[in-house]
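So the sequence shown is numbered by this note's numbering: it starts at 3 and just counts up by one.
Working notes, structure below.
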Amino acid sequence: MDNSKKVAVIGLGKAGLADALFLKEKGENVLVWDDKEEVRLQAQEQGLDSITLENTDWDDISYIVLSPGIPHTHPKPHPMIAQAKKKNVPIVGDVELLYKDKSTANFIGITGTNGKSTTTELLHHTMLHAGISVNAGANLGKPAVSLGNCENYVLEMSSYMLELVPTTVFNVALWLNISEDHLIRHGDINDYINAKANIFHNQNSNHFAIICIDDEYSEKVATRLKDQGKQKVITVSSSEKSADYYIKDNSIYSTQDENPLGNLGDYKHLHGSHNAQNAVSAWATLHACGLENDVINQAFITFAGLAHRQQFVLKFNDVEFYNDSKATNAVSTQKAIENFSQSHLLLGGIAKEGGITSIVDEIKSQVAHVYLYGQAREEFAQTLRDAGYTNFSIFDDTNIKMEDIHPVKRKHISFINAIKQAYKDASNKNGGGVVLLAPACASFDMFKSFEDRGNIFQATISDIITGE
Ligand code: ADP
3 MDNSKKVAVI GLGKAGLADA LFLKEKGENV LVWDDKEEVR LQAQEQGLDS
53 ITLENTDWDD ISYIVLSPGI PHTHPKPHPM IAQAKKKNVP IVGDVELLYK
103 DKSTANFIGI TGTNGKSTTT ELLHHTMLHA GISVNAGANL GKPAVSLGNC
153 ENYVLEMSSY MLELVPTTVF NVALWLNISE DHLIRHGDIN DYINAKANIF
203 HNQNSNHFAI ICIDDEYSEK VATRLKDQGK QKVITVSSSE KSADYYIKDN
253 SIYSTQDENP LGNLGDYKHL HGSHNAQNAV SAWATLHACG LENDVINQAF
303 ITFAGLAHRQ QFVLKFNDVE FYNDSKATNA VSTQKAIENF SQSHLLLGGI
353 AKEGGITSIV DEIKSQVAHV YLYGQAREEF AQTLRDAGYT NFSIFDDTNI
403 KMEDIHPVKR KHISFINAIK QAYKDASNKN GGGVVLLAPA CASFDMFKSF
453 EDRGNIFQAT ISDIITGE
């Protein structure tokens with residue numbers, strides 16, 4: 003990297019700001035940009051000057067650190083990136099910065115459409131349990147450059163982040179699954195898969211690619227890598243499908259060992275077929291990192307799970323509430339409805355490509371009633387009608403007198419009403435029922451984030467209990 007030149011950090015969210023301050027501390031001449039003026043002013047208060055679209059000499063910028071939230075290809079590049087690309091300015095993300103700074107550490111990357119955070123946390127927990135020097139972050143928790151010194155970095159890698167790691171080498175790269183998601187940002191499924199496959203790009207024969215081959219897309223990726231023969235490829239499956247690690251009779255097996263490695267029934271917070279996939283994939287990854295079976299098994303037993311992922315909230319009046327606010331696409335919602343028979347399901351927000359079409363059969367057979375809210379409500383109602391399913395209600399704020407509603411609750415009142423109705427219906431069921439938030443949608447139409455949505459769900463449950 004050329005020290006006489008400047009570095010531009012574009013997008014000043016949690017990671018971008020951390021990146022800019024990190025580079026400044028390293029003595030780089032840093033310029034920043036965020037589309038929001040107030041954010042630029044805040045950065046200025048921290049001694050970070052802004053570039054401008056009009057006056058930037060891109061020949062003077064050695065590289066750009068880009069926030070993964072900002073598009074640089076689809077649907078169209080941010081105007082600044084479009085300019086920089088004309089001048090071939092390299093674009094990297096914060097994991098690349100960490101790698102440049104700590105390239106002697108072990109890098110363990112996790113990608114996939116679903117299960118990244120759970121598996122990242124499970125790997126981190128297990129490595130800590132084994133007494134290994136390790137930090138975890140990137141897409142989950144702390145930005146990469148804010149992770150302290152250690153010998154191993156466990157990094158959750160989104161597809162966006164994987165477009166910004168040109169030289170990072172993952173000693174162990176874990177690929178969990180692929181289903182259609184984030185296609186607006188990636189164009190089509192092949193672009194999405196190619197972005198994710200960057201996790202393997204810089205590997206050589208010392209490195210491991212661990213690939214769960216449960217879905218066809220992932221199976222093809224494993225075959226392709228095996229054919230290329232660059233790295234050690236280990237396959238994994240959450241069924242009895244032929245793979246190096248697999249599940250049989252609810253136990254985890256490796257082809258290297260005739261005895262089971264562990265029993266899924268012992269892992270209280272790894273229930274369901276989706277977590278079977280996460281657990282067997284994590285086991286293979288931990289073996290590649292050199293951990294022993296006993297340590298892995300003990301750590302899986304004590305793993306506490308993550309909030310907002312099929313999280314049991316509480317039971318009240320025989321009604322169980324589950325918060326799966328992180329179910330932001332159809333596949334993750336399907337995993338939730340599979341787990342709870344005849345649930346009262348809250349669905350809504352900003353729909354992903356294909357909406358709920360792929361899971362309508364499961365809804366018909368598994369769900370007692372659907373409560374629709376948010377931007378996708380009419381689209382989802384139509385999908386359900388078309389499938390001949392009529393057990394649904396739509397919640398909006400058309401007939402609500404806002405002056406009667408506490409100001410804090412106005413923005414979410416249709417969601418709150420949907421939860422309260424779901425509770426009423428579930429409590430009228432003989433033997434009680436389940437209220438399940440697993441919305442199959444992004445949250446940004448009504449909430450700051452999926453955490454915000456899950457927290458409001460939990461706050462509404464508290465209101466139900468206190469009779470508000
Ligand atoms: P990510 O970080 O990839 O979004 P999370 O671990 O945060 O993954 O889980 C997101 C959602 O997907 C949750 O609803 C969770 O219950 C579900 N999920 C977790 N693991 C898997 C998996 N392997 N396959 C499908 N769904 C999963």
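The C-beta atom is built at its ideal place from N, Cα and C for all residues, glycine as well.
Bear in mind that the values here come from a model prediction, so they are computed numbers and not experimental data.
Q: Indicate, with yes or no, if the ligand ADP has a heavy atom lying under 7 Å from the CB of E376.
A: If you number the sequence shown from 1, residue 376 lands on position 374. Per the sequence shown, residue 376 should be read as Gly rather than Glu. Not one heavy atom of the ligand ADP falls within 7 Å of the beta-carbon of G376.
Q.
Which same chain residues end up closer than 6 Å to L386 when comparing Cβ atoms and leaving out the 5 residues on each side of it in sequence?
A. Your numbering for residue 386 matches position 384 in the sequence shown. Non-local beta-carbon contacts of L386 in its own chain, meaning distances under 6 Å to residues more than five positions away in sequence, involve F394 in chain order.
**Q.** Spatial neighbours of L25 in its chain, beta-carbon cut-off 8 Å, leaving aside the 5 residues before and after
**A.** Against the sequence shown, residue 25 aligns to sequence position 23. Correct list, in chain order: V9, V11, V32, V67 and L99.
Q. At which residues does the beta strand (DSSP E) containing L33 begin and terminate?
A. To locate residue 33, count along the sequence shown from 1; it is residue 31. Where L33 is concerned, the enclosing beta strand (DSSP E) stretches over N31 to W35.
Q. If you draw a straight line from the C-alpha of L149 to the C-alpha of T113, how long is it?
A. As a working mapping, residue 149 is identified with position 147 in the sequence shown. As a working mapping, residue 113 is identified with position 111 in the sequence shown. Each residue's Cα considered, the two are about 19 Å apart.
**Q.** Neighbour-count burial assignment, V167, 16 or more Cβ in a 10 Å radius
**A.** Translated into positions along the sequence shown, residue 167 becomes position 165. Classification of V167: buried, given that the 10 Å Cβ count is 16 or more.
Q | Where A389 falls: helix, strand or coil (DSSP) | A | As a first step, residue 389 must be located in the sequence shown, where it is residue number 387. DSSP places A389 outside both helix and strand once states are collapsed to three, so it counts as coil.
Q. Between H346 and H273, what straight-line distance do the alpha-carbon atoms span, to the nearest angstrom?
A. Position 344 of the sequence shown, counted from the first residue, corresponds to residue 346. Position 271 of the sequence shown, counted from the first residue, corresponds to residue 273. Near 20 Å, if we compare the C-alpha coordinates of H273 and H346.
Q: Output the residue ranges of the beta strand (DSSP E) runs that lie fully inside the region 99 to 177 and measure 3 residues or longer, sorted by chain position.
A: Segments of the beta strand (DSSP E) lying fully in the region 99 to 177: 108 to 113, 136 to 140, 154 to 158 and 174 to 177.
Q) From V174 to A22, what does the alpha carbon distance come to, in whole angstroms? A) The residue you call residue 174 lines up with position 172 of the sequence shown. The residue you call residue 22 lines up with position 20 of the sequence shown. One C-alpha to the other measures close to 28 Å.
Q) What's the gap between the Cα of K270 and the Cα of N90? A) Counting from 1 along the sequence shown, the entry for residue 270 is found at position 268. Counting from 1 along the sequence shown, the entry for residue 90 is found at position 88. Roughly 51 Å between the two C-alpha positions.
**Q.** Spatial distance of H289 from Y247 (CA atoms)
**A.** Position 287 of the sequence shown, counted from the first residue, corresponds to residue 289. Position 245 of the sequence shown, counted from the first residue, corresponds to residue 247. So the two alpha carbons sit approximately 11 Å from each other.
(Q) I'd like the span of the beta strand (DSSP E) that includes K422, first residue to last. (A) The residue labelled residue 422 in the question sits at position 420 within the sequence shown. From DSSP, K422 is part of no beta strand (DSSP E) but of the alpha helix (DSSP H) over I415 to S429.
Q: Assign V410 to buried or exposed, taking buried as 16 or more other Cβ atoms, counted over all protein chains shown, within 10 Å of its Cβ.
A: Residue mapping note: residue 410 aligns to position 408 of the sequence shown, counting from 1. Counting every other CB atom within 10 Å of its CB across the protein chains shown gives V410 a total below 16, marking it as exposed.
Q. Under the DSSP definition of a beta bridge, which residues are partnered with Q313?
A. For the purposes of this step, residue 313 is taken as residue 311 along the sequence shown, with counting starting at 1. Partner(s): N325.
Q.
I'd like to know whether the C-beta atoms of H80 and I93 end up nearer to each other than 8 Å.
A. Here residue 80 refers to the residue found at position 78 of the sequence shown. Here residue 93 refers to the residue found at position 91 of the sequence shown. No, these two residues do not count as a Cβ contact at 8 Å.
Q) Exposed or buried, which one is E158 when buried takes at least 16 other CB atoms within 10 Å? A) In the sequence shown, the residue the question calls residue 158 occupies position 156. Classification for E158: buried.
Q: Work out the CA separation of V436 and F342 for me, nearest whole Å.
A: On the sequence shown, position 340 is the one that residue 342 refers to. On the sequence shown, position 434 is the one that residue 436 refers to. Near 7 Å, if we compare the C-alpha coordinates of V436 and F342.
**Q.** Spatial neighbours of N200 in its chain, beta-carbon cut-off 6 Å, leaving aside the 5 residues before and after
**A.** For this step, residue 200 is matched to residue 198 along the sequence shown. These residues qualify, in order along the chain: L164.
**Q.** C-beta atoms of Y375 and F323 nearer than 8 Å
**A.** As a first step, residue 375 must be located in the sequence shown, where it is residue number 373. As a first step, residue 323 must be located in the sequence shown, where it is residue number 321. Not closer than 8 Å, so no.
Q. Per DSSP, what kind of secondary structure is S367 in: helix, strand or coil?
A. For this step, residue 367 is matched to residue 365 along the sequence shown. In this structure, S367 counts as helix in the three-state DSSP scheme.
Q: Look at P70 and G49 and say whether their C-beta atoms are less than 8 Å apart.
A: Start at 1 with the first residue of the sequence shown, and residue 70 comes out as number 68. Start at 1 with the first residue of the sequence shown, and residue 49 comes out as number 47. Their beta carbons are not under 8 Å apart, which means P70 does not touch G49 by this criterion.
**Q.** Inter-residue spacing [alpha-carbon to alpha-carbon] between F459 and N319
**A.** Against the sequence shown, residue 459 aligns to sequence position 457. Against the sequence shown, residue 319 aligns to sequence position 317. So the alpha carbons of these two residues sit roughly 17 Å apart.
(Q) On the CB-based measure, 16 or more other CB atoms within 10 Å of its CB, does D229 come out buried or exposed? (A) Here the question's residue 229 lines up with position 227 in the sequence shown. By the beta-carbon neighbour count (other beta carbons within 10 angstroms, threshold 16), D229 is exposed.
Q | Where T54 falls: helix, strand or coil (DSSP) | A | Counted from its first residue, the sequence shown places residue 54 at position 52. T54 sits in coil when the DSSP states are folded into three classes, being neither helix nor strand.
Q. For I339 versus A428, is the C-beta distance shorter than 8 Å?
A. Along the sequence shown, one-based indexing puts residue 339 at 337. Along the sequence shown, one-based indexing puts residue 428 at 426. Taking 8 Å as the Cβ cut-off, I339 and A428 do not qualify as a contacting pair.
Q) So what's E470 in DSSP terms, helix, strand or just coil? A) Position 468 of the sequence shown holds residue 470. E470: coil per DSSP, three-state reduction.
Q.
Quick check: what's the CA-CA separation for A224 versus G133?
A. Position 222 of the sequence shown, counted from the start, is the residue given in the question as residue 224. Position 131 of the sequence shown, counted from the start, is the residue given in the question as residue 133. If you take the alpha carbons of A224 and G133, they lie about 32 Å apart.
Q) Along the chain, where does the alpha helix (DSSP H) that runs through H289 open and close? A) Taking the sequence shown and counting its residues from 1, the one referred to as residue 289 is at position 287. Per DSSP, H289 belongs to the alpha helix (DSSP H) from S275 to A290.
Q. Taking 8 Å as the CB-CB cut-off, is N265 touching chain B?
A. The structure shown contains no chain B; it holds only a single protein chain.
**Q.** T359 (DSSP reduced to helix, strand or coil)
**A.** If you number the sequence shown from 1, residue 359 lands on position 357. In this structure, T359 counts as helix in the three-state DSSP scheme.
Q.
Please determine whether the Cβ atom of G356 lies at a distance below 7 Å from any heavy atom of the ligand ADP.
A. As a first step, residue 356 is located in the sequence shown; it is residue number 354 there, counting from the start. Result no, Cβ not under 7 Å from the ligand ADP.
Q | S256 - partner residues in DSSP beta bridges | A | Indexing the sequence shown from 1 puts residue 256 at position 254. According to the DSSP secondary-structure assignment, S256 is paired through a beta bridge with Y247 and D259.
Q.
Per the DSSP calculation, T237 is bridged to which residue(s)?
A. The residue labelled residue 237 in the question sits at position 235 within the sequence shown. Beta-bridge partners of T237 (DSSP): I213.
Q: Please state if the CB of V147 and the CB of A20 are separated by a distance shorter than 8 Å.
A: Stepping through the sequence shown from its first residue, residue 20 is reached at position 18. Stepping through the sequence shown from its first residue, residue 147 is reached at position 145. With respect to the 8 Å criterion, A20 and V147 are classified as neighbours on the basis of their beta carbons.
Q: Consult DSSP for S395 and reduce its assignment to one of helix, strand or coil.
A: Start at 1 with the first residue of the sequence shown, and residue 395 comes out as number 393. In the structure shown, S395 sits in a strand (DSSP, three-state: E or B).
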